[in-house]
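Here the structure comes first, spelled out in structure tokens, and everything after it is commentary.
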């Protein structure tokens, strides 16, 4: 039954995403940068997908800690385990500027839609040479009142997996001089990377205390990883302790045991 519910969700989610991408992409072509209109469509997209998750597959959303987001320009740096992460963070961005791979901008309609907003692109093929252009775009976004959203590991990770943080965000932090708000979450327990089946439960995200400007690159990286990983472990283990409806694979059981050990939590 959960397989059928998941298939129905994917059908509606992907179908709606394609239709809205065409609408926003067309607006971008005809009316150039209609940021406010496209942002409203983006808000609808996020809220409707959370509703589909809740009523079709049983994934409810809980977000806490929004009081930790400072006014004005800042960077929201989130753990990334699922597409749910975008839906959860979106309402708290006011005017978001996502950092995305440049190749995504080449996708018809989707790329045009993203370009019509405040998306900051990074060309990974250029290595370190891509950083200055990204910094310039980020400064422009902050000047327009955006909150920059970045996933510092660069891709979705399995819940409780070993972290793999890049240094792109640390360089942005040092150069831009704005607060960074870490975001912990546990969404991968319910909607995992490349998972065909979604499992019921409460997906949680938490905005944590901001890291203020002024730290060295290495100290910032240390604080960022500790904040996100410790709290993401806590959210995941809390969900495990309350009981999961999903099957427990040997790999997940091993990651849970390792997380309990490093966090001093007994089974």
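In the numbering used here, the protein residues as written are 107 to 373. C-beta: ideal position from N, C-alpha, C; glycine also.
If you keep only unbroken alpha helix (DSSP H) runs of at least 4 residues inside the region 248–328, you get 274–282. Within the DSSP bridge table, the entry for residue 170 names 312 as partners.
In this structure, the beta-carbon distance from residue 158 to residue 118 falls below 8 Å. The beta carbons of residue 293 and residue 187 sit about 5 Å from each other, so the pair counts as a contact at 8 Å. Per DSSP, residue 181 lies in no alpha helix (DSSP H); the unbroken beta strand (DSSP E) holding it starts and ends at 180–184.
Note that the C-beta distance between residue 274 and residue 237 is below 8 Å. For residue 205, the uninterrupted beta strand (DSSP E) segment begins and ends at 202–207.
Cβ-Cβ distances below 6 Å link residue 243 to 226 in the same chain, with the five nearest sequence neighbours on each side left out; the list follows chain order. With contacts defined by Cβ atoms closer than 8 Å, residue 331 and residue 180 do not form a contacting pair.
In its chain, beyond the 5 residues on either side, 167, 193 have a beta carbon closer than 6 Å to the beta carbon of residue 156. A straight-line Cα-Cα distance of about 12 Å links residue 272 and residue 328. Across the set 281, 302, 364, the C-alpha of 281 shows the shortest separation from the C-alpha of residue 245. Taking C-alpha positions only, residue 184 is separated from residue 255 by approximately 8 Å. Secondary structure of residue 228 (DSSP, three-state): strand. In this structure, residue 247 and residue 224 form a Cβ contact; the two beta carbons are roughly 5 Å apart against a cut-off of 8 Å.
Look at the region 336–360 and you find no whole run of beta strand (DSSP E) that is 3 residues long or longer. For residue 351 and residue 322, the gap between their C-alpha atoms comes out near 43 Å.
Contact annotation: residue 201 and residue 267 have beta-carbon atoms that are not nearer than 8 Å. For the 8 Å CB-CB criterion, residue 264 and residue 307 do not form a contact. A direct Cα-to-Cα measurement between residue 259 and residue 107 gives close to 34 Å. Rounded to whole angstroms, the gap between the alpha carbons of residue 178 and residue 367 is 39 Å. Following the DSSP letters along the chain, one finds residue 191 inside the alpha helix (DSSP H) bounded by residues 190–195. In this structure, the straight-line span from the alpha carbon of residue 124 to that of residue 149 is close to 15 Å. Contact between residue 126 and residue 151 holds: CB atoms are separated by about 5 Å, below the 8 Å threshold.
Exposed is the label assigned to residue 109, since fewer than 16 other Cβ atoms lie within 10 Å of its Cβ. Residue 290 is a Cβ neighbour of residue 341, given a cutoff of 8 Å.
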